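Okay, structure first, notes after.
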Amino acid sequence: MIKVNLLPVKKKKKAKQIPGFLIATFLVTVAVTAVVLYYFYTLNNEVDNKRKLIAKNEQTIAELDRKVKDVADFEKRNQDYKARKEIIEKLGKSKTIPVKVIDEVSAQLPTGVWLTALDLRSSDLTLSCTGFSNTDVVNYVNNLKASKMFADVFLKESIQTQVSGFSVYTFSISLKVNS
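Position one of the sequence shown corresponds to residue 1 (this note's numbering), numbered consecutively onward.
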């Protein structure tokens, strides 16, 4: 037999399909958001690394500045010590010179001549003397010229005077001391 279905047939409604451009837009939005978030975190991480590097470099610079200051202080102290050492050495060398000069002046002094004044300034020496004769004066000047300790021996003046009835020569000699 034939069956006839008189009841209305319930039709299932088909689900509406989402349009393709919406799916594509959604997928592109998700992809772009993922790329932007990845780029954001990468840049943020890079910025943090750069900040850490800057802080480390600033700390290194501060340490190096301290070391540079220490080196500059050391160099200054070293120069001060060198200057002091040179002064001490110079004083050590020059403290024996007056003794040697007086010894040499007296060694070259002939009989009949005596010193009245001796003035030593740096390497310049001025002698004031008195002698019994002009020959004694000339002998003394020649003795000083022959000495290796003296140079540029020059008789500045020679004056004949009377002292207690005796004729004497008062004279002055300038010369340089060889170190």
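A virtual CB, placed ideally from N, CA and C, is assigned to each residue, including glycine.
Please read these numbers as outputs of a predicted model, since none were measured by experiment.
### Message
Just to confirm before moving on: does the CB-CB distance between Leu155 and Val141 stay below 9 Å?
### Response
Counting from one through the sequence shown, the residue named residue 155 turns up at place 155. Counting from one through the sequence shown, the residue named residue 141 turns up at place 141. Contact: yes.
### Message
Taking DSSP's pairing of strands, which residues face Gln160 in a bridge?
### Response
Taking the sequence shown and counting its residues from 1, one reaches residue 160 at position 160. In the DSSP output, where bridge partners are listed per residue, Gln160 has Tyr169.
### Message
Using a Cβ-Cβ cutoff of less than 7 Å, which residues in the same chain neighbour Gly112 once the five nearest sequence positions on both sides are dropped?
### Response
On the sequence shown, residue 112 is found 112 positions in, with the first residue counted as 1. So the qualifying residues of the chain are Gly131, Phe132, Ser133, Asp136.
### Query
Which of helix, strand or coil does DSSP assign to Val60?
Mapped onto the sequence shown, residue 60 falls at position 60. Residue identity differs from the one stated: residue 60 is Thr in this sequence, not Val. Thr60: helix per DSSP, three-state reduction.
### Query
Under the criterion of a Cβ to heavy atom distance below 8 Å, does Leu127 qualify as lining the ligand ZN?
The ligand ZN is not part of this structure, which contains no ligands at all.
### Message
Using the three-state DSSP reduction, which class does Leu109 fall into: helix, strand or coil?
### Response
Residue mapping note: residue 109 aligns to position 109 of the sequence shown, counting from 1. Coil.
### Query
Should Leu125 and Leu115 be called a contact, given that it needs their Cβ atoms to be closer than 9 Å?
The residue labelled residue 125 in the question sits at position 125 within the sequence shown. The residue labelled residue 115 in the question sits at position 115 within the sequence shown. Not closer than 9 Å, so no.
#### Entry: Proximity below 9 Å, CB of Leu144 to CB of Leu175
As a first step, residue 144 is located in the sequence shown; it is residue number 144 there, counting from the start. As a first step, residue 175 is located in the sequence shown; it is residue number 175 there, counting from the start. Result yes, Cβ atoms of Leu144 and Leu175 sit closer than 9 Å.
### Simplified DSSP assignment, three categories, for Phe26
Position 26 of the sequence shown, counting from 1, holds the residue named residue 26. Helix.
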